[in-house]
Every structure is written in structure tokens, then in C-alpha cells.
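In this text, residue positions in the sequence shown follow full-length UniProt numbering: the first is 1, and each later residue adds one.
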Amino acid sequence: MNYRNDIRNVAIIAHVDHGKTTLVDELLKQSDTLDAHTQLQERAMDSNALEKERGITILAKNTAVDYKGIRVNIMDTPGHADFGGEVERIMKMVDGVVLVVDAYEGTMPQTRFVLKKALEQHITPIVVVNKIDKPSARPEFVVDEVLELFIELGADDDQLDFPVIYASALNGTSSLSDDPADQEPTMAPIFDTIVEKIPAPVDNSDEPLQFQVSLLDYNDYVGRIGIGRVFRGSIKVGDQVALLKLDGSVKKFRITKLFGFFGLKRLEIEEAKAGDLIAVSGMEDIFVGETVTPVDHQEALPILHIDEPTLQMTFLVNNSPFAGREGKYVTARKIEERLMAELQTDVSLRVEPTNSPDAWTVSGRGELHLSILIENMRREGYELQVSRPEVIEKEIDGVKCEPFERVQIDTPEEYMGSVIESLSLRKGEMQDMIHTGNGQIRLTFLTPARGLIGYSTEFLSMTRGYGIMNHTFDQYLPMLPGQIGGRHQGALVSIDTGKATTYSIMSIEERGTVFVEPGTEVYEGMIIGENSRDNDLTVNITKAKQMTNVRSATKDQTSVIKKPKQLTLEESLEFLNDDEYCEVTPESIRLRKQILNKNAREKASKKKK
């Protein structure tokens, strides 16, 4: 059997913030890829503004570097399980994975999620223990932990014999020794290990073509682009080919453009052969998992499995009293077009119409997945409302099931009791408890996904900000009875429309936490704070102090009010109850009751009872 020894295809996987994107930046810098004068900015692979801002990778990216005459194709994958739909498909495109693990934190739930996908495909792993220069680094412990994880996930003997490289991506150093003093100012140990250990692709370029689409992209000039691997044969610009659709139908089209990857650029190429990772354009409705073959030799590759969504929300046209003031795109047609455009590239997303022409059910892989979409729309000038996230139930063998998540918590020991109690109330089941040293403890729970909606804010305040929580979808299990999770406090709701005044806020502060500052415009039915009790309370926040001609003894006293609590988009979504909406515009995030009028709300709640 012939092999293409001039190519290696690898994916880089890691937990959020373990230094994966920084490592890719360093590999780019130290390879023979970029011109000497090219200035590489930080997190060069993260092209989306939100990715750079939050320091997470959302979309899978590919790049290629040259090392000693060998082309190394690198796929930078999302580390968060909400974007796991991308991860699975990338594993089909590569022959090896580089697992990046923090030298102190070790393996995390998302590492586990992504690694499981890689091991299932029998892919060769390489482990990079990153941040070895940290004073708290404990490389031996971390390597043992990785080995345990491999065994637990059912790795075969070859996979268990993985090579380990110790690195500091930030400093651009690496070494085969776990002693930080042995670090060398080069990434050569990583490159050499990739070339030696990761198998070269099979060269069967003389056989009939098979190309499978793993990722989608969209470009206004050439339309939809399918990114994937040539598994067999070769492909040229101008070829007449057949697209074998998922539903079994066949469409013929001509290849208008082929793109290869080099450095951070996508370059037009004329031809690609077995083992190459390329992008193809020419077919408008090409979709993930479909196979491109010659017209006279139609043989489909196995269909790629895509994880189903586990969480859904309703997206609505904004109908609040302030609708249309701040947004550029506010109509149902514009919002629907934008959601449909998102479906072009995000295969883990579902958008379904509802009974109302102004509302859609949008389903995704988790709160982060959907909040990133809302945040992107808001930045693009869209104005909309969204409902509280809810989990998607399934019927499996006649039993009603709900999604469960594996939750891993790192917290100082003094908060352990509160954390265990709070997750037990949300029907979480503790599976493991490890003392990780330095007064820290690591807890693992299996918890219904609906119990985690709105939990992270409570968790952060409970652990005074010292706790770290990570969770990832585990499986569907029979549904637990009763109400789980939800907000314990009621809302402070405005009874009037106008501007919030300092005078009103001073008296309302005694009742709970206020979200707005003096001068903020509010409307009837808008939530302006959180009640300290469990019932909703309507308040007048627009009332001004009455002027009198009697001189007051306290005239010279200054009014002092607390700084309002400003909620982020994620916190706003967590705060929501079933009878509330979050109003999202390019300039504001407001919370409101679905029924704005107090009397109408009371009538509706009596009817429900």
C-alpha cells in the first residue's frame, strides 16, 4: 500500500483555556510557513470577534504549516461541548490528535468529551502537557490522570502507548523532559513527534474519487463551500461530479473552485489528491456528511453522525413598547433570514416555525451555543426577544427521557458542603470526590440538564468566585419527576413607563436588588430588579420627589444609592422564568414579563390555577 509521506493530518483538542489556540499560533510562527515580515496577532486562528473576546474557539478552523518539506494540516477544534457537533466531524478528516492538557488542571469534562470522539475513530494520540512553566505545575500527576482517562474511555493498546511532550506555548518552548529547566526555545519536539508518530494518509489517488464534506462555510462570492477530506482518488477544477445527498438522491454539478489551506490563508488550487484537506465550491445545497464522487462511479461514504440538540428557546420579534428604537433589523422576515443563514454553517442548530409567524423554536447544544448566536445577532444590529431555555425531552423505548450532564467542580474545601447541597436540591447525583491538594477539592456529578439552567450565577456567588464549574452532555436518562431548578426569588416589575429616579430607587432598594440606574427608560411590565422574597412585586420606579415650599431640615443631605447589578446576556437568560422574555437589542438587554399589564397578568395566572 502506498502512503503520502509528504502530508500529516492532525486535530488539536483541549479543554477551554488550556492553551490550544496559543499553541497553534506558536506552531505557525516556528514553521516555514509565514513570511519573515508577517506579524502574527495573538489567537490568530480565532477569527470571530466573540472568540477573541471570550478566549474560546467556537468554530473549527484549519490551517497548514510546512515542516522540513512535510505539509502538516492542523485542525483547531472547539473545546466546549456545546460546539461538539464540529468536533466529531473533524475526527473523520484527520489521522492523529494532539491532546493539550494544562500542567496543573489536568483533564476536564470537555477534554473527555472530545477525546472520546477521537478514540472511537481509532486515531493516534499525542499528549502535550502545556503551561509547564507554571509554579503550580504537576506534570507527573497530570500524565497519570490522562492515562486513567484513556483507559476509562476504552483506548486500545496502541493508543495507550502515547508519546508525551512538555511545553509552554506562551513562551514558545517545548521538550521531551518534564523538568521545566530542560525546556528548549523551539517547537521542534512537537513537530518531530507529529511526523514520526502520526500515520501518513493512504495514497490511492488512482482510484475513483471520494470526497466527504465535514464542515461548511459560506462566502458571498462563491456561495456555500464544503470543507472536507479527499479519501480516495483526485479532484480537479472543472470536473463534472455527482453529489450523493443524505436522502439518497443524486445531484450533478461542476467544480467551480478548489481551495487549499496554507498558513492563515485559503489558496485557490487546481487539483487535490487522496489525503488532502480542501474546500470545494460549485453546489449551493451541499451539506455535511454528503459524498462527492465521479458521475460514473457513485459510492457513498458512511454518513456522519451529528449530535442532536438538547436545549431549545423561542426567538420572537420584539414587541415591547421600545421596539424598533435601537435595532437595524427588527422585522420577522429579517430575523428569519438571519436564522436560516446560520443554518448554512451550523449543523447542530435547528430552527422550526411555531403557530405564530413572529416566533421560531431554535434548538442547540446548550446555553452557550444559543447565547453565542443571540450575541452575534445583537452585534449585527438585530433586535429580538427570547424565552427561557428549556431542555428537549425524548421518548426512548416508550420511556420519557431528558438530557443529563456530567458536571465537574473545582472548589476550595470550605464551600464543598454548600455546593453538594445545592446540586442535590437540583437532583444531581455525586459520582466522585478527589482532594487535589492546596485545600482544593474536585467533585463530579451527574445532573439533569434542566437543573443546571440558571445555576452558574448561584454557584459563583456561593463559592465567592473561587469555584470553577464545567459540564458536558452525558446521555439521555428517564425523566425525573417534579420541578427542578428555576429561580427562587421573585422579580421587581415596573408599574409605569418613564425614567427611573434616584428617589424611587432609594425606597425600592430595601425590597431587593435593582438592575437599572437613575435616568434609565423603563416601561410597564419591565423587570427592574430581583425581589428578596419569592413573589413578584410591582413597584413605581419613575416617581419623583414632590417639591414643597417648606424648607426641610435634611435638605443638604445627598442621596446615595447602591450601584445597580448589570446582567450579562448569559445571566439574563439564566434569570428568566417561564412567564418572562429577554429583550435583546444592539444597545440594551432588558428583562420583561410576557404580559406587561399587571391586571392582565393576575387574570392569566388565576386561569392557569
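Ideal placement from N, C-alpha and C gives every residue a C-beta, glycine not left out.
Give every residue of the same chain whose Cβ lies closer than 6 angstroms to the Cβ of A600, excluding the five residues on either side of it in the sequence, and list them in chain order.
-> For this step, residue 600 is matched to residue 600 along the sequence shown. Contacts found: none.
Measure the C-alpha to C-alpha separation of A604 and K400 and round it to an integer number of angstroms.
-> Here residue 604 refers to the residue found at position 604 when the sequence shown is read from its first residue. Here residue 400 refers to the residue found at position 400 when the sequence shown is read from its first residue. Answer to the nearest angstrom: the Cα atoms are 29 angstroms apart.
Where do the N-terminal and C-terminal ends of the alpha helix (DSSP H) with F191 fall, by residue?
-> Sequence index remark: in the sequence shown, residue 191 carries index 191 (1-based). A188 to K197 is the extent of the alpha helix (DSSP H) around F191.
With a 10 Å radius around its C-beta and 16 neighbouring C-beta atoms as the bar for buried, classify N5 as buried or exposed.
-> Reading the sequence shown from its first residue, position 5 is the one you call residue 5. That one is exposed.
How big is the Cα-Cα spacing for S424 and Y455?
-> The residue you call residue 424 lines up with position 424 of the sequence shown. The residue you call residue 455 lines up with position 455 of the sequence shown. Whole-angstrom Cα-Cα distance: 12 angstroms.
Does the distance from the C-beta atom of P403 to that of Y476 stay below 7 angstroms?
-> Within the sequence shown, the letter at position 403 stands for residue 403. Within the sequence shown, the letter at position 476 stands for residue 476. Contact: yes.
If we ignore side chains and look at the alpha-carbon of each, how far apart do L59 and I335 end up?
-> One-based indexing of the sequence shown puts residue 59 at position 59. One-based indexing of the sequence shown puts residue 335 at position 335. Its pLDDT being 40, under 50, L59 is placed unreliably by the model, and the measurement read from it follows with that caveat. Approximately 22 angstroms between the Cα atoms of the pair.
Does the beta-carbon of E270 have 16 or more other beta-carbons within 10 angstroms, so that it is buried, or is it exposed?
-> As a position in the sequence shown, residue 270 is number 270, starting the count at 1. Exposed, since its Cβ has fewer than 16 Cβ neighbours within 10 Å.
Residue range of the unbroken beta strand (DSSP E) whose run includes E574 | For the purposes of this step, residue 574 is identified with residue 574 of the sequence shown, where counting begins at 1. For E574, there is no enclosing beta strand (DSSP E); the residue is part of the alpha helix (DSSP H) that begins and ends at L569 to F575.
Helix, strand or coil for N5, going by three-state DSSP, please let me know.
-> Taking the sequence shown and counting its residues from 1, the one referred to as residue 5 is at position 5. N5 falls in the coil class under three-state DSSP.
Residue nearest to I577 in terms of C-alpha spacing, selected from L569, R592 and K563 | Start at 1 with the first residue of the sequence shown, and residue 577 comes out as number 577. According to the sequence shown, residue 577 is Asn rather than Ile. Ranking L569, R592 and K563 by Cα distance to N577 puts R592 first.
Contacts around A279, its chain only, beta-carbon distance under 6 angstroms, and the 5 residues preceding and following it disregarded | For this step, residue 279 is matched to residue 279 along the sequence shown. Once the five neighbours on either side are set aside, the close Cβ partners of A279 are I225, I227 and F259.
Secondary structure at E337, three-state DSSP: helix, strand or coil?
-> The residue you call residue 337 lines up with position 337 of the sequence shown. Residue state, collapsed to three classes: helix.
Who are the near neighbours of D82 in its chain, counting only those whose CB is closer than 6 angstroms to its CB and skipping five residues on each side?
-> Here the question's residue 82 lines up with position 82 in the sequence shown. Its pLDDT being 49, under 50, D82 is placed unreliably by the model, and the measurement read from it follows with that caveat. Hits under 6 angstroms: R365, G366, L368 and H369.
Excluding the five sequence neighbours on either side, which residues of its own chain have a C-beta within less than 6 angstroms of the C-beta of E570, listed in chain order?
-> In the sequence shown, the residue the question calls residue 570 occupies position 570. Contacts found: S371.
For R450, which residues of its own chain have a beta-carbon under 8 angstroms away from its beta-carbon, when the five flanking residues on both sides are left out?
-> What you label residue 450 is simply residue 450 of the sequence shown in a count that begins at 1. Contacts found: E390, V391, E402, I484 and G485.
Pull up the DSSP beta-bridge partners for V493, would you.
-> On the sequence shown, position 493 is the one that residue 493 refers to. According to DSSP, V493 bridges with I527 and T538.
Boundaries (first-last residue) of the alpha helix (DSSP H) holding M416 = Within the sequence shown, the letter at position 416 stands for residue 416. From DSSP, the alpha helix (DSSP H) with M416 extends over M416 to L425.
How about L176 and P185: do their beta carbons lie closer than 7 angstroms?
-> Locating residue 176 in the sequence shown gives position 176, where the first residue counts as 1. Locating residue 185 in the sequence shown gives position 185, where the first residue counts as 1. With a cutoff of 7 angstroms on beta-carbon distance, L176 and P185 are scored as not near each other.
In the structure shown, what three-state DSSP assignment does N376 receive?
-> Within the sequence shown, residue 376 is the residue found at index 376, counting from 1. In this structure, N376 counts as helix in the three-state DSSP scheme.
Per DSSP, which one or two residues make a beta bridge with H435?
-> Here the question's residue 435 lines up with position 435 in the sequence shown. Under DSSP, the beta-bridge partners assigned to H435 are I441.
Spatially closest choice to P294 from I255, V407 and E308, by CA coordinates | To locate residue 294, count along the sequence shown from 1; it is residue 294. Checked all of I255, V407 and E308; the closest Cα to P294 is I255.
Do you know how far the Cα of V351 is from the Cα of M313?
-> Taking the first residue of the sequence shown as 1, we reach residue 313 at position 313. Taking the first residue of the sequence shown as 1, we reach residue 351 at position 351. Taking the straight line from one Cα to the other gives about 10 angstroms.
When L215, G512 and G519 are compared against G529, the one with the closest alpha-carbon = Walking along the sequence shown from the start, residue 529 turns up at place 529. Ranking the options by Cα distance to G529, first place goes to G512.
Over what stretch of residues does the beta strand (DSSP E) that includes Q566 continue unbroken?
-> As a working mapping, residue 566 is identified with position 566 in the sequence shown. First-last for Q566: undefined, no H or E at that position.
Any idea what DSSP makes of G248, helix, strand or coil?
-> As a first step, residue 248 must be located in the sequence shown, where it is residue number 248. In the structure shown, G248 falls within a coil segment according to DSSP collapsed to helix, strand and coil.
Under 7 angstroms between the Cβ atoms of L243 and V288?
-> Numbered from its first residue, the sequence shown carries residue 243 at position 243. Numbered from its first residue, the sequence shown carries residue 288 at position 288. At least 7 angstroms separates the beta-carbon of L243 from that of V288.
Contact check, I126 vs K197, beta carbons under 7 angstroms = Here residue 126 refers to the residue found at position 126 of the sequence shown. Here residue 197 refers to the residue found at position 197 of the sequence shown. K197 sits close to I126, with the two beta carbons spaced by under 7 angstroms.
Taking Cβ positions, are I508 and V514 nearer each other than 7 angstroms?
-> Along the sequence shown, read from residue 1 onward, the residue named residue 508 stands at position 508. Along the sequence shown, read from residue 1 onward, the residue named residue 514 stands at position 514. Yes, they are a contact pair.
Closest residue to D102 among Q159, H122, L23 and D157 (Cα-Cα distance) | The count along the sequence shown starts at 1 and reaches residue 102 at position 102. With distances taken between CA atoms, D102 lies nearest to L23 out of Q159, H122, L23 and D157.
Does the stretch 117-125 come close enough to the stretch 150-163 to have 3 or more Cβ pairs within less than 8 angstroms?
-> With the cut-off at 8 angstroms, the stretch 117-125 and the stretch 150-163 touch.
If you pair each beta-carbon of the stretch 316-335 with each one of the stretch 233-252, do three or more pairs fall below 8 angstroms?
-> No: fewer than three Cβ pairs fall under 8 angstroms.
Taking C-beta to C-beta, are G482 and T542 nearer than 7 angstroms?
-> Locating residue 482 in the sequence shown gives position 482, counting from the first residue. Locating residue 542 in the sequence shown gives position 542, counting from the first residue. In this structure, T542 does not lie closer than 7 angstroms to G482 by Cβ.
DSSP beta-bridge partners for S31?
-> Within the sequence shown, residue 31 is the residue found at index 31, counting from 1. According to DSSP, S31 bridges with nothing at all.
Are the beta-carbon atoms belonging to S168 and I132 less than 7 angstroms from one another?
-> By one-based count along the sequence shown, residue 168 stands at place 168. By one-based count along the sequence shown, residue 132 stands at place 132. Contact: yes.
Whole-angstrom distance between G275 and V407, CA atom to CA atom | Looking up residue 407 in the sequence shown gives position 407. Looking up residue 275 in the sequence shown gives position 275. Our two residues, V407 and G275, have alpha carbons roughly 38 angstroms apart in a direct line.
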